[in-house]
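Colleague:
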Amino acid sequence: MSETTAVPPVLEPLQESTAPSSGRRKRRPWRGIVSRLGVFVVTLLGLLMVTFIIGRVIPVDPVLAVIGDQANDAAYAAAREAMGLDKPLITQFWIFLKGVVTGDLGISAVTGRPVLQDIARYFPATIELATLAMLIGLLLGVPAGVIAATHRDKAPDHILRVVSLIGYSAPTFWLGMIALLVFYAGLGWSAGPGRIDVHYLGVVPPLTGFLLIDAAFAGAWDVLGNALAHLVLPALVLGYFSMAYIARMTRSFMIDQLSRDYILAARANGMSERRIVWRHALGNAAVPLITVIALTYGGLLEGAVLTETVFAWPGLGAYLTNSLLNADMNAVLGATLVVGITFVTLNMIADSLYKIADPRTR
Amino acid sequence: MMRAWLVTLLVVVQVALWDAPAHAEAPPSVLVMAKALDDLITLDPAEVFEFSGAEVIANLYERLFAANPVDPARPHGVLAEAYGIEDEGRRFIFRIRADRRFASGRPVDAEDVAYSLRRVVHLNKTPAFILTQFGLDTETVDDRIQVIDARHISLTLDRAYAPTLVLNALSAGIASIVDRETVQAHERDGDYGHGWLRRASAGSGAFRLERWNPGEHLILNAVADHPTGTPALERVILLDVREPATQRLMLERGDIDMARNLGPDQIRALASTEGISVWSAPSARLFYLGLNQKNEILARSGVRRALRWLIDYDAIADALLGGSAEARQVFLPEGMLGAIDDAPFYLDPLMARALLAEAGLVDGFDITMETHASPRVMQIAQAIQATMAEGGIRVEIVPGDSAQTLTKYRARRHTLYIGSWGPDYLDPHSNAAAFAYNPDNGDGARDKTLAWRNGWYDEAVNALTEAAVVMSDPVARAAAYGELQQSVQADSPFILLFQDRTLFAARDSVRDFISGPMPDQIAYRSVSKQAAP
Chain A
2 MSETTAVPPV LEPLQESTAP SSGRRKRRPW RGIVSRLGVF VVTLLGLLMV TFIIGRVIPV
62 DPVLAVIGDQ ANDAAYAAAR EAMGLDKPLI TQFWIFLKGV VTGDLGISAV TGRPVLQDIA
122 RYFPATIELA TLAMLIGLLL GVPAGVIAAT HRDKAPDHIL RVVSLIGYSA PTFWLGMIAL
182 LVFYAGLGWS AGPGRIDVHY LGVVPPLTGF LLIDAAFAGA WDVLGNALAH LVLPALVLGY
242 FSMAYIARMT RSFMIDQLSR DYILAARANG MSERRIVWRH ALGNAAVPLI TVIALTYGGL
302 LEGAVLTETV FAWPGLGAYL TNSLLNADMN AVLGATLVVG ITFVTLNMIA DSLYKIADPR
362 TR
Chain B
12 MMRAWLVTLL VVVQVALWDA PAHAEAPPSV LVMAKALDDL ITLDPAEVFE FSGAEVIANL
72 YERLFAANPV DPARPHGVLA EAYGIEDEGR RFIFRIRADR RFASGRPVDA EDVAYSLRRV
132 VHLNKTPAFI LTQFGLDTET VDDRIQVIDA RHISLTLDRA YAPTLVLNAL SAGIASIVDR
192 ETVQAHERDG DYGHGWLRRA SAGSGAFRLE RWNPGEHLIL NAVADHPTGT PALERVILLD
252 VREPATQRLM LERGDIDMAR NLGPDQIRAL ASTEGISVWS APSARLFYLG LNQKNEILAR
312 SGVRRALRWL IDYDAIADAL LGGSAEARQV FLPEGMLGAI DDAPFYLDPL MARALLAEAG
372 LVDGFDITME THASPRVMQI AQAIQATMAE GGIRVEIVPG DSAQTLTKYR ARRHTLYIGS
432 WGPDYLDPHS NAAAFAYNPD NGDGARDKTL AWRNGWYDEA VNALTEAAVV MSDPVARAAA
492 YGELQQSVQA DSPFILLFQD RTLFAARDSV RDFISGPMPD QIAYRSVSKQ AAP
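Protein chains in written order, with the numbering used here: chain A, 2 to 363; chain B, 12 to 544.
#1: Is there a Cβ of chain B sitting closer than 8 Å to that of ALA328 (chain A), yes or no?
#2: For PRO9 (chain B), report the span of its alpha helix (DSSP H) as first-last.
#3: Note down, in chain order, each residue of its chain lying with its Cβ closer than 8 Å to the Cβ of ILE59 (chain A), except the 5 sequence neighbours on either side.
#4: Taking 8 Å as the cut-off, does the stretch 470 to 488 of chain B touch the stretch 429 to 444 of chain B (at least 3 CB pairs, one atom from each stretch)?
#5: Going by Cα to Cα distance, which pick from B:ALA78, B:SER431, B:ASN449 and B:GLN396 is closest to ALA183 (chain B)?
#6: Using a beta-carbon distance below 8 Å, is LEU65 (chain A) in contact with chain C?
#7: Are the Cβ atoms of GLY402 (chain B) and LEU427 (chain B) separated by less than 8 Å?
#8: Taking any Cβ of chain B, which residues in the stretch 187 to 200 of chain A have a Cβ under 8 Å from it, in chain order?
#9: Could you name the residues of the stretch 228 to 240 of chain B whose beta carbon sits closer than 8 Å to any beta carbon of chain A, in the order they occur along the chain?
#10: Would VAL43 (chain B) count as contacting chain A if we go by Cβ distances under 8 Å?
#11: When you compare the stretch 196 to 211 of chain B with the stretch 128 to 140 of chain B, are there three or more beta-carbon pairs, one atom per stretch, that lie closer than 8 Å?
#12: Tell me the DSSP bridge mates of TRP290 (chain B)?
#13: For VAL40 (chain A), count neighbouring Cβ atoms within 10 angstroms of its own Cβ and tell me buried if that reaches 16, exposed if not.
#14: So, does the CB of ASP87 (chain A) fall closer than 8 Å to a CB anywhere in chain B?
#15: For TYR94 (chain B), which of helix, strand or coil comes out of DSSP?
#16: Looking at the structure shown, is ILE214 (chain A) part of a helix, part of a strand, or coil, going by DSSP?
#17: I'd like to know whether the C-beta atoms of GLU73 (chain B) and VAL59 (chain B) end up nearer to each other than 8 Å.
#18: Using the Cα positions of ALA534 (chain B) and ARG37 (chain A), report the straight-line distance between them to the nearest angstrom.
#19: Is the Cβ of LYS46 (chain B) closer than 8 Å to any Cβ of chain A?
#20: List the residues of chain B that MET178 (chain A) touches, going by C-beta distances under 7 Å, in chain order.
#21: Note down, in chain order, all residues in the stretch 301 to 327 of chain A with a beta-carbon under 8 Å from any beta-carbon belonging to chain B.
#22: What do you get for GLY240 (chain B), buried or exposed, if any count of 16 or more other CB atoms within 10 angstroms of its CB means buried?
#23: Give me the Cα-Cα distance between SER23 (chain A) and ARG153 (chain A), rounded to the nearest whole angstrom.
#24: Whose CA, out of A:THR346, A:PHE344, A:ALA245 and A:VAL333, lies closest to the CA of ILE55 (chain A)?
#25: If you follow the beta strand (DSSP E) that PRO410 (chain B) is part of, which residue opens it and which one closes it?
#26: Give me, in chain order, the residues of the same chain whose beta-carbon lies closer than 8 Å to that of GLY210 (chain A); leave out the 5 immediate sequence neighbours on both sides.
#27: Can you grab the Cα-Cα spacing for the pair ALA286 (chain A) / THR251 (chain A), in whole Å?
#28: Examine chain A for any beta-carbon lying closer than 8 Å to the beta-carbon of GLU263 (chain B), and answer yes or no.
#29: State the start and end residues of the unbroken alpha helix (DSSP H) segment that holds TRP545 (chain B).
#30: Please confirm whether ALA270 (chain B) has its beta-carbon closer than 8 Å to some beta-carbon of chain A.
#31: Are at least three pairs of beta-carbons, each pair with one atom in the stretch 147 to 161 of chain A and one in the stretch 273 to 290 of chain A, less than 8 Å apart?
#32: What are the boundary residues of the beta strand (DSSP E) that ASP251 (chain B) is part of?
#33: With DSSP run on the structure shown, which of helix, strand or coil describes HIS87 (chain B)?
#34: Should ALA79 (chain A) be flagged as near chain B, meaning a C-beta pair shorter than 8 Å?
#35: If GLY301 (chain B) sits next to LEU461 (chain B), beta carbons under 8 Å apart, how far is it from one beta carbon to the other, in whole angstroms?
#36: ILE179 (chain A): which of A:LYS88, A:LEU234 and A:LEU321 sits nearest, CA to CA?
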């Protein structure tokens, strides 16, 4: 065997890569799409139904939650009717579903605005935070996991284990407070809570709701810089949590890949260790990592309630929690729908990426 | 690949930290406050019934009168320059000041007053009862509120009420006067402009609403040349910061001027911090223990009286609540017309055991206490649980969130309940109607007062409450409420516990922030800031 023999980028044991040999079935791509769409709709319907039922069985009167302790009976009756609670449960759910189909998620009993408008206001703040946190988690977590796997049971692995354990087990609320105490109040390295300094409030007209994008569109670079400065600390806190999880999973997947025969073959062929680890082993480990990353990102997009509270971040998590505590079911169902769509969509994207990255799953 | 990732990471962090040391003290003309604004859901005065909303509209609008915490029998005239009473106390005539203008520039006239008060009754939102209790309803209100001329208006009630009650009710936030032309221009489907006014302002107050981004901030700008004097501040910014610890850090760092939701521990810690002052002001909110009279044991007079001797009022106020509340054993807060200061009860298990023995409960009894699981209420509950045990009463605390416990309480399904109550306007009837009045104890009663919720019906107390409502002499009226408080204090399902205090902390530069007992008595107009040296 010559020294220059190339190793294919993805080499798997034969028994795993053997394609099914049963006949030549005709491919029907539309069937896959319809089937996925069906799963998508059924999942969301189930999610809404469960949320709706839970919202109705909890021992909280949504009318009282909205009109408060001191309202009289006439005000109570008027509010109950206005909220549609005088109708049978099934009718209430049907009305909600019809609204969803037409893009009307109802009016929030607490804020008095259309739920869709509320979500359009709060969700961009969560997306900005979650995306940067995800980026930080990815950029730190994947290399850390790889290094830990290649230095198994050595110092880097032990360090990662401790760092991950802290990130994974320490409450993000506590981490957030400590981060604020040290980097904001103590060292003064970071901007404070909120999305932006008071001087910049209202400077940039809201177009998309994404402050970074709106500031860039408006050419307000100082606003953009300030918004980023406010974003970095909560994103680091959330990113640390994501990093811990991604690093642990990367390590696990990498250890599995590095023990495979094709790695042994590559080493025997004289391929450089860097190429083996970062291209071939990581290339294969990336396939299951896609699911991990998608689920982590979905979790972040759901809104990190406690982090949002500590950093006075007006995101979806805080909105959903406040709505839940006030038994504002339109808002809860609307936000749940958005979270559900986000999760299911990310899952579908992950599935598609899976197929691109791993031909065996096509 | 590793190098590329590290470079990308460094670029991201570098860009993010580009403007990092964003320490930003507000200029002297701008006051920045951090406050939990989760209760801010509307700014329409016809609907506002929450603390934050009440505070904000008090600075956006003016009313005919303002309650007078110093002399509660004599409310101040604000938009009303003078008033007269006719028809044996049924008809009130008000003369409107000529110098008041709305933010739009229009002068305030009698038509605006009539429109604003009629609007409240027609919209019939939660706090509308403050006006409809005088016999106003959608059918009669247009006749009962009459414009006499541009500066005079009359209000006819269904019967004669105590003038102090009427004037104090007209000092409530619901009686704020709106700019009718501006509001009418935004009416949709006969909604009296409600949909628009929830998120806007149309008043004659010293401030106008600049912007409200729910969940983020609310900005008020001062009205220049306001008849009461141009406010020292040009702008007030309320930032929605819900975590008290975050508020404290922002205050220490100088990013805000005031932190409005700090706990006693944080206030204590900040008291010795250079550059920060801590403030405390009495609030009209009361904490009480409600005993459901549908419970056979609690319905015994001996038990009701025994429980009063099983609470260490002062110890809880001093040691647990740390200055955020004071012991108070009557149903009127300090400073309200007719309020007395009697506090006969203290922790005395022997006295309690004797009363329980009289009630046939020598061995005590087991009971549950529905408790809102907020730190402060839980502290109170645990302290009461401990002292009740000394009298042989074994209390099981049943925690829940506020909506859960409130639902149970309003349905009369509780046993013991720690409640809090704040008057809707600064008049003793607001509290008497809650704690003492229950004309119908049936499950389908129209008025579900606190007395109803606790299943308590006392004919003599009802009669005295009704009599006090129509007493025109403030001295006699005050005496009647004194008698009512003593009656409720001696034997009723209510054990009054504490009167709340409002605690907050501010940078030393903040001056003259006045916080009254009601949330709508916080006036930004008087506040000023000294420039940093």
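Note that the Cβ used here is the ideal one computed from N, Cα and C, for glycine as well.
Modeller: Considering the structure as presented:
#1: By one-based count along the first sequence, residue 328 (chain A) stands at place 327. Yes - at least one Cβ of chain B is within 8 Å of the one on ALA328 (chain A).
#2: The shown model of chain B, from 12 to 544, leaves out residue 9 (chain B), and the question about it has no answer.
#3: In the first sequence, residue 59 (chain A) corresponds to position 58, counting from 1. If you ignore the 5 residues before and after ILE59 (chain A), its C-beta comes within less than 8 Å of the C-beta of ALA328, all in its own chain and listed in chain order.
#4: Yes, the stretch 429 to 444 of chain B is in contact with the stretch 470 to 488 of chain B.
#5: Along the second sequence, one-based indexing puts residue 183 (chain B) at 172. Each of B:ALA78, B:SER431, B:ASN449 and B:GLN396 was checked against the Cα of ALA183 (chain B), and the nearest Cα belongs to B:ALA78.
#6: This model lacks chain C altogether; the protein chains it does include are A and B.
#7: Here residue 402 (chain B) corresponds to residue number 391 of the second sequence, with the count starting at 1. Here residue 427 (chain B) corresponds to residue number 416 of the second sequence, with the count starting at 1. No, these two residues do not count as a Cβ contact at 8 Å.
#8: Hits within the stretch, in order: GLY189, TRP190, SER191, ALA192, GLY193, PRO194, GLY195, ARG196, ASP198, VAL199 and HIS200.
#9: Cβ contacts with chain A: HIS228 and ILE230.
#10: If you number the second sequence from 1, residue 43 (chain B) lands on position 32. With 8 Å as the cut-off, VAL43 (chain B) counts as an interface residue toward chain A.
#11: The stretch 196 to 211 of chain B vs the stretch 128 to 140 of chain B: in contact.
#12: To locate residue 290 (chain B), count along the second sequence from 1; it is residue 279. B:PHE515.
#13: As a position in the first sequence, residue 40 (chain A) is number 39, starting the count at 1. With fewer than 16 neighbouring CB atoms inside 10 Å of its own CB, VAL40 (chain A) falls in the exposed class.
#14: For this step, residue 87 (chain A) is matched to residue 86 along the first sequence. So, not an interface residue.
#15: Looking up residue 94 (chain B) in the second sequence gives position 83. Here TYR94 (chain B) sits in strand by DSSP.
#16: Within the first sequence, numbered from 1, the residue matching residue 214 (chain A) stands at position 213. Residue state, collapsed to three classes: helix.
#17: For this step, residue 73 (chain B) is matched to residue 62 along the second sequence. For this step, residue 59 (chain B) is matched to residue 48 along the second sequence. Cβ distance not < 8 Å, so GLU73 (chain B) and VAL59 (chain B) don't count as in contact.
#18: Reading the second sequence from its first residue, position 523 is the one you call residue 534 (chain B). Reading the first sequence from its first residue, position 36 is the one you call residue 37 (chain A). For the pair ALA534 (chain B) and ARG37 (chain A), the Cα-to-Cα distance works out to about 59 Å.
#19: Along the second sequence, read from residue 1 onward, the residue named residue 46 (chain B) stands at position 35. Judged by the 8 Å Cβ criterion, LYS46 (chain B) is not in contact with chain A.
#20: The residue given as residue 178 (chain A) occupies position 177 in the first sequence. Here the neighbours are ALA256.
#21: Answer in chain order: THR310, VAL311, PHE312, ALA313, PRO315, ALA319, TYR320, ASN323, LEU326 and ASN327.
#22: In the second sequence, the residue the question calls residue 240 (chain B) occupies position 229. The Cβ neighbour count for GLY240 (chain B), taken over all protein chains shown within 10 Å, is under 16; the residue is labelled exposed.
#23: Translated into the one-based positions of the first sequence, residue 23 (chain A) becomes position 22. Translated into the one-based positions of the first sequence, residue 153 (chain A) becomes position 152. Residue placement at SER23 (chain A) is poorly supported in this model, since its pLDDT is 47, which falls under 50; the coordinates still yield a value, given next. Taking the Cα positions, SER23 (chain A) is about 42 Å away from ARG153 (chain A).
#24: What you label residue 55 (chain A) is simply residue 54 of the first sequence in a count that begins at 1. Nearest C-alpha to ILE55 (chain A) among A:THR346, A:PHE344, A:ALA245 and A:VAL333: A:VAL333.
#25: Position 399 of the second sequence, counted from the start, is the residue given in the question as residue 410 (chain B). Per DSSP, PRO410 (chain B) belongs to the beta strand (DSSP E) from 404 to 411.
#26: Here residue 210 (chain A) corresponds to residue number 209 of the first sequence, with the count starting at 1. Excluding residues within five positions, the ones whose Cβ falls inside 8 Å are ALA121, ARG122, PHE124, PRO125 and ALA126.
#27: By one-based count along the first sequence, residue 286 (chain A) stands at place 285. By one-based count along the first sequence, residue 251 (chain A) stands at place 250. Distance between ALA286 (chain A) and THR251 (chain A), taken at the CA atoms: about 7 Å.
#28: Working through the second sequence from its first residue, we reach residue 263 (chain B) at position 252. Closer than 8 Å: yes.
#29: Nothing about residue 545 (chain B) can be reported from this structure: the residues present for chain B run from 12 to 544 only.
#30: Position 259 of the second sequence, counted from the first residue, corresponds to residue 270 (chain B). Output row for ALA270 (chain B): interface = no.
#31: Touching, per the Cβ criterion.
#32: As a first step, residue 251 (chain B) must be located in the second sequence, where it is residue number 240. Segment 246 to 251, the beta strand (DSSP E) holding ASP251 (chain B).
#33: Taking the first residue of the second sequence as 1, we reach residue 87 (chain B) at position 76. Reduced to three states, the DSSP call for HIS87 (chain B) is strand.
#34: One-based indexing of the first sequence puts residue 79 (chain A) at position 78. Interface residue, yes.
#35: Within the second sequence, numbered from 1, the residue matching residue 301 (chain B) stands at position 290. Within the second sequence, numbered from 1, the residue matching residue 461 (chain B) stands at position 450. 7 Å between Cβ atoms; contact.
#36: Looking up residue 179 (chain A) in the first sequence gives position 178. The residue among A:LYS88, A:LEU234 and A:LEU321 with its C-alpha nearest the C-alpha of ILE179 (chain A) is A:LEU234.
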